[in-house]
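Enquirer: One structure, as structure tokens, below. Some questions next.
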Amino acid sequence: MGYDHKAIEKKWQNFWDEDQTFVAPDKSDKEKFYALDMFPYPSGQGLHVGHPEGYTATDIVSRFKRARGFNVLHPMGWDAFGLPAEQYALKTGHNPATFTDENIQTFKNQVKSLGFSYDWNREIKTTDPSYYKWTQWIFEKLYEMGLAYEDEIMVNWAPDFPGGGLVVANEEVINGKTERGGYPVYRKPMKQWVLRITAYADRLIDDLDDLDWPEAIKEQQRHWIGRSIGASIRFAVDGHDGKQIEVFSTRPDTLFGASYLVLSPEHDLVDQITTADQKAAVATYQEEIATKSDLERTDLNKDKSGVFTGAYAKNPVNGELLPIWIADYVLASYGTGAVMGVPAHDQRDYDFAKKFDLRITPVIEGGDIDKEAYSGEGVHINSGFVDGLGKQEAIDKMIAWLEENCAGEKKVNYRLRDWIFSRQRYWGEPIPVIHWEDGTQTLVPEDELPLRLPEMTEEQLKPSGTGESPLANAKDWLEVTREDGMKGRRETNTMPQWAGSSWYFLRYIDAKNGEALADPEKLAYWKNVDLYVGGAEHAVLHLLYARFWNKVLYDLGVVKDKEPFQKLVNQGMILGANHEKMSKSKGNVVNPDDIVNEYGADTLRIYEMFMGPLTQNKPWSEEGVTGSRRWLDRVWRLLINEDGSITDKLTDKADDTLKKEYNLTVKKVTEDLENMHFNTAISTLMVFVNDAYKEDKLPAAYMEGFVQMLAPFAPHLAEELWQKLTGSKESITYVAWPTYDEEALVDDTKEIIFQVNGKVRSKQVLPADASQDDLIAAAKADEKVQKNLDGLEIKKIIAIPGKFVNIVAK
RNA sequence: GCCCUUGUGGCGGAAUUGGCAGACGCGCUGGACUCAAAAUCCAGUGGUGGCAACACCGUGUGGGUUCGACUCCCACCGAGGGCACCA
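Reminder that position 616 of the first sequence reads as 1337 in the working numbering, one-by-one numbering, no gaps.
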């Protein structure tokens, strides 16, 4: 009877369910550990081999931590709102809720078949009204704090998006197209709900420093927030009393070198200041720009363009009149939508000035302005009171001057925009706001939450045609009347998918609480997430939004940690056997169900962890899978006879058999687990099994320790072997992790390497405590070393006890 | 263009602080078992030359530091990801 993965995996999955092995108590003297996976969107396609990679990693860590005496919170749930369900519903006439729940069931069965140690009592789904009640509650808090507001703003409008168009956030626009579906995006003013994430910009940047996250992700977030420090400078418009143009500049010290101003074509002042004879040219240019997509304005447009408005502004520092231009290289959405042109020291300004023959005055020494702009360091010239100063001194002095003369001040500017929070969709959390006929608006009272989505017929789900969400079709739900007879209309926009995923990690802490988002005592015990594993594709969107909401909840006193995820690890992608991203069209997709069926969950887990470092992309290999299975078979046969009995090689006698090998294995596997180096941990276990195969007798204690170390990786097999080996009726889960004896690792002798001129020429086994002189003497006496030294004169000898001797000779 | 990551046998990958490059697995080769095959067990396996001892070459390329470099420094090339007229 060989290793029967089907019987064993079923047996232990049932055992864990009935035994409630992985239920995490909310009160415990043990130290807590919170290991979290990014919860999946339960798509109709089911699980992909990429999913179990991260899940296996957190599962291994969770099981390891349990054995090390931690109380481990390891939950799973479903990010279940989202467009595919709504689109599917539209196509088939099915209710998105029913369809979503079916998908969740499929996902759950698949996830369970892999033997992950989740505490299923804490399962959540974002589409559950008892969950989104609290998503709506957080929105109401944001509203009360002035962090949620409605604004007529330039939005990214994707009119071709299936279902009648969609507004998307800046973060969801990639190269002028929607992140999902790739529909073209146009700038259009529309009324939208917006969250004031920019109010948290500084904290979102500064608090990154203390997080144990991959540097690349931190960099991406810093760059996304894009903090730059400079000054606001105000230029009076000549001949227009009181009208000012405000520009932002990181180099206010170059103000003496300004030779023109540029407004973005969409800037409010353009129409007011343009002179009569320039009106036509300006209007033509504006029209031209308005029809251009972002893509055309950036990627495709390498040539500077612009039009003079006919107006002039006064340079506050020297009274010079500077022509005011408009140009598309100045973006309305960044800074104040206006810049001062300092062509001598900014390449973009330089290109513009060259093209339109504008003055180029150097104000910093260095470079050659006949060729290009000079942005290097240098002493200021032609700059009045900052002449002779270096960069920082000049900046400080200029800002002081601007502040004294009311012409500007120090300013911090961000690339980050506020978060557009409304979606013209049915399948999302309703925004709990009522618009009354007198023009006022109120929140849905807290005790009436959750504001549930109405049941919709197939007909109602179709686009409203107005760009509004299909909820506008649900008349009964839409229209409300107050006690005083005032009529109102509910907000028809819903929240984006990011809403539910911005706080789900907190709900796991107290998943069924009807009175609060989570119980304060439980929040205080579990605190933030110790380990968060997921794909790098969430580097800015999800991780930035979740950090923002966590900080808001921190300010409200709900959570005690200012950051939600202490350690973040991005798993790499699992590529197809051809080293390309798995996709249906390439025909290289592997379904985890097939692997579990044929080889077992333990094999899949071992293989995915053995493929290479967790964080790197790795190609799938069918041969690799069979290799992993073969190894598990080999482990089984080491301990179990053909008839299912335990091998009689086992012995309780304590001699030195495998002593050193075992202790080394415990040390290395333990260290590797702490560092999440799963591939090398498995190879260490393989080496131990290879060593064990060479022995006639197997010390029982070592074999038990080995099975314990195998348990996080291949839990079903390990449980079965543990039961056979020890007769225990308990799960191996909470058996204390094996320890090693440092003394067993100490050798009496060491193999010493002898080098001549850095090349290994010989080796000798010497006493471990041999001194430097002993080593040198042994090296000099070595036959091969002597041969290689023949005819040479020894110049220098480097010897490190316990390691090597290098003789340098000429 | 800028930022981040990365480059090691036929393949996936290992190598603690600068100290034996290639652990472990796959594949391949040979042996044992078998009537035979599969499975399993054992052994070998970076390249070139040599019967061999051994020698030389070898971690993307070129240089540098060092007794010694996959590891540190400089320049370049390739791959992956992110951002892109950000004032």
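C-beta atoms are modelled at their ideal positions from N, C-alpha and C, and glycine is treated no differently. Computed from a prediction, not measured in an experiment: that's the story for all the values here.
What distance in whole Å lies between the Cβ atoms of L868 and V1273, which are believed to be in contact at a cut-off of 8 Å?
Expert: Looking up residue 1273 in the first sequence gives position 552. Looking up residue 868 in the first sequence gives position 147. Correct: roughly 7 Å between the Cβ atoms.
Enquirer: Can you tell me whether W1443 is helix, strand or coil according to DSSP?
Expert: Residue 1443 sits at position 722 when you count from the first residue of the first sequence. Three-state result, W1443: helix.
Enquirer: With a threshold of 16 other CB atoms inside 10 Å of the CB of K683, please say whether the residue is buried or exposed.
Expert: Absent from the structure is residue 683, since the part of the chain shown begins at 722 and ends at 1531.
Enquirer: Excluding five sequence neighbours on each side, which residues of the same chain lie with their C-beta closer than 6 Å to the C-beta of A756?
Expert: Position 35 of the first sequence, counting from 1, holds the residue named residue 756. Within the same chain, A756 has close Cβ partners T779, V782, S783, H795 and L1252.
Enquirer: So, are the CB atoms of P1175 and A1193 less than 8 Å apart?
Expert: Position 454 of the first sequence, counted from the start, is the residue given in the question as residue 1175. Position 472 of the first sequence, counted from the start, is the residue given in the question as residue 1193. For P1175 and A1193, no; Cβs fall outside 8 Å.
Enquirer: Per DSSP, A756 is paired with what?
Expert: For the purposes of this step, residue 756 is taken as residue 35 along the first sequence, with counting starting at 1. Paired residue(s): L1252.
Enquirer: Based on the DSSP secondary-structure assignment, which residues constitute the bridge partners of V1038?
Expert: Counted from its first residue, the first sequence places residue 1038 at position 317. In the DSSP output, where bridge partners are listed per residue, V1038 has none listed.
Enquirer: Taking the C-alpha atoms as reference points, what is the distance between S1483 and N1509?
Expert: Here residue 1483 corresponds to residue number 762 of the first sequence, with the count starting at 1. Here residue 1509 corresponds to residue number 788 of the first sequence, with the count starting at 1. Rounded to whole angstroms, S1483 to N1509 spans 10 Å at the Cα level.
Enquirer: What is the DSSP secondary structure of N1271, counted as helix, strand or coil?
Expert: Walking along the first sequence from the start, residue 1271 turns up at place 550. N1271 falls in the helix class under three-state DSSP.
Enquirer: Out of T1005, D992 and D1078, state which residue places its alpha-carbon closest to the alpha-carbon of S980.
Expert: Here residue 980 is taken as the residue at index 259 of the first sequence, counted from 1. Of the candidates T1005, D992 and D1078, the one whose C-alpha sits nearest the C-alpha of S980 is D1078.
Enquirer: Mind checking whether T1215 and Y1135 have CB atoms under 8 Å apart?
Expert: Counting from 1 along the first sequence, the entry for residue 1215 is found at position 494. Counting from 1 along the first sequence, the entry for residue 1135 is found at position 414. No; because the gap between Cβ atoms is not below 8 Å, this pair is not in contact.
Enquirer: What residues in its chain sit with their C-beta under 7 Å from that of I918, if we drop five residues either side in the sequence?
Expert: As a first step, residue 918 must be located in the first sequence, where it is residue number 197. Correct list, in chain order: L1137, D1139, W1140 and F1269.
Enquirer: Whole beta strand (DSSP E) runs in the stretch 1499-1530 with 3 or more residues, listed along the chain?
Expert: Runs of the beta strand (DSSP E) inside the stretch 1499-1530: 1515-1521 and 1525-1530.
Enquirer: State yes or no: is the C-beta of A806 within less than 8 Å of the C-beta of T821?
Expert: Residue mapping note: residue 806 aligns to position 85 of the first sequence, counting from 1. Residue mapping note: residue 821 aligns to position 100 of the first sequence, counting from 1. Their beta carbons are under 8 Å apart, which means A806 touches T821 by this criterion.
Enquirer: Where are the beta strand (DSSP E) runs, 3 residues long or more, that stay fully inside the stretch 839-900, in chain order?
Expert: Complete beta strand (DSSP E) runs here, min 3: 869-879 and 887-889.
Enquirer: Compare the C-alpha of S1190 against each of M1177, V1201 and T1202 and name the closest.
Expert: Walking along the first sequence from the start, residue 1190 turns up at place 469. The shortest C-alpha separation from S1190 is found at M1177.
Enquirer: Cβ of L1419 versus every heavy atom of the ligand NAD: is any distance shorter than 7 Å?
Expert: The ligand NAD is not part of the structure shown, which contains no ligands of any sort.
Enquirer: When you compare only the Cα positions, how much space is there between M875 and Q831?
Expert: Position 154 of the first sequence holds residue 875. Position 110 of the first sequence holds residue 831. The alpha-carbon atoms of M875 and Q831 are separated by roughly 43 Å.
Enquirer: Between the beta-carbon of A1239 and the beta-carbon of R1228, is there less than 8 Å?
Expert: For the purposes of this step, residue 1239 is taken as residue 518 along the first sequence, with counting starting at 1. For the purposes of this step, residue 1228 is taken as residue 507 along the first sequence, with counting starting at 1. Yes. Within cutoff.
Enquirer: Take K786 and list the residues in its own chain whose beta-carbon comes closer than 6 Å to its own, dropping the five residues that flank it on each side.
Expert: If you number the first sequence from 1, residue 786 lands on position 65. Only F754 and V793 meet the Cβ criterion.
Enquirer: Is the number of C-beta pairs between the stretch 735-748 and the stretch 1290-1300 that are closer than 8 Å three or more?
Expert: Because the criterion of three Cβ pairs below 8 Å is not met, the stretch 735-748 and the stretch 1290-1300 do not touch.
Enquirer: Can you tell me whether P986 is helix, strand or coil according to DSSP?
Expert: In the first sequence, the residue the question calls residue 986 occupies position 265. Looking at P986 - three-state DSSP - the assignment turns out to be coil, as it is neither helix nor strand.
Enquirer: DSSP puts G1099 in a beta bridge; with which residues?
Expert: Walking along the first sequence from the start, residue 1099 turns up at place 378. In DSSP, G1099 forms no bridge with anything.
Enquirer: Could you check if N1126 is buried or exposed, using at least 16 other CB atoms within 10 Å of its CB as the buried criterion?
Expert: Translated into positions along the first sequence, residue 1126 becomes position 405. So N1126 counts as exposed.
Enquirer: Decide yes or no for the touch test of the stretch 1102-1111 against the stretch 963-983: beta carbon pairs closer than 8 Å, at least 3 of them.
Expert: Yes, the stretch 1102-1111 is in contact with the stretch 963-983.
Enquirer: Under a Cβ-count criterion, where at least 16 other Cβ atoms within 10 Å of its own Cβ denotes burial, should N1036 be classed as buried or exposed?
Expert: Here residue 1036 is taken as the residue at index 315 of the first sequence, counted from 1. The residue in question, N1036, is buried, as its Cβ has 16 or more Cβ neighbours within 10 Å.
Enquirer: Could you spell out where the alpha helix (DSSP H) holding A1115 opens and where it closes?
Expert: One-based indexing of the first sequence puts residue 1115 at position 394. A1115 -> alpha helix (DSSP H) spans K1112 to E1125.
Enquirer: Kindly indicate which residue of K1471, A1421 and A1465 has the alpha-carbon position closest to the one of G1448.
Expert: Here residue 1448 refers to the residue found at position 727 when the first sequence is read from its first residue. The shortest C-alpha separation from G1448 is found at A1421.
Enquirer: Can you tell me which residues form a DSSP beta bridge with L1164?
Expert: Your numbering for residue 1164 matches position 443 in the first sequence. In the DSSP output, where bridge partners are listed per residue, L1164 has V1154.
Enquirer: Confirm, please, whether the CB-CB distance from E844 to G798 is below 8 Å.
Expert: Counted from its first residue, the first sequence places residue 798 at position 77. Counted from its first residue, the first sequence places residue 844 at position 123. Yes, these two residues count as a Cβ contact at 8 Å.
Enquirer: Using only the alpha-carbon positions, how far apart do V983 and I1045 sit?
Expert: Working through the first sequence from its first residue, we reach residue 983 at position 262. Working through the first sequence from its first residue, we reach residue 1045 at position 324. The straight-line gap from Cα to Cα measures roughly 6 Å.
Enquirer: With DSSP run on the structure shown, which of helix, strand or coil describes Y981?
Expert: Translated into the one-based positions of the first sequence, residue 981 becomes position 260. Strand.
Enquirer: Using beta-carbon positions only, say whether M1430 and L1360 come within less than 8 Å of one another.
Expert: By one-based count along the first sequence, residue 1430 stands at place 709. By one-based count along the first sequence, residue 1360 stands at place 639. For M1430 and L1360, no; Cβs fall outside 8 Å.
Enquirer: For the stretch 1060-1093, list the alpha helix (DSSP H) runs that are entirely contained and at least 4 residues long, ordered along the chain.
Expert: Taking only runs of at least 4 residues, the alpha helix (DSSP H) segments lying wholly in the stretch 1060-1093 are 1068-1077.
Enquirer: Kindly provide the ranges of any alpha helix (DSSP H) runs that are 4 or more residues long and lie completely inside the stretch 925-955, ordered along the chain.
Expert: With a minimum length of 4 residues, the continuous alpha helix (DSSP H) runs that stay inside the stretch 925-955 are 936-946.
Enquirer: I'd like the list of long-range same chain contacts for D740, defined as Cβ closer than 7 Å, with 5 residues on each side in sequence excluded.
Expert: Here residue 740 corresponds to residue number 19 of the first sequence, with the count starting at 1. Here the set comprises S1452.
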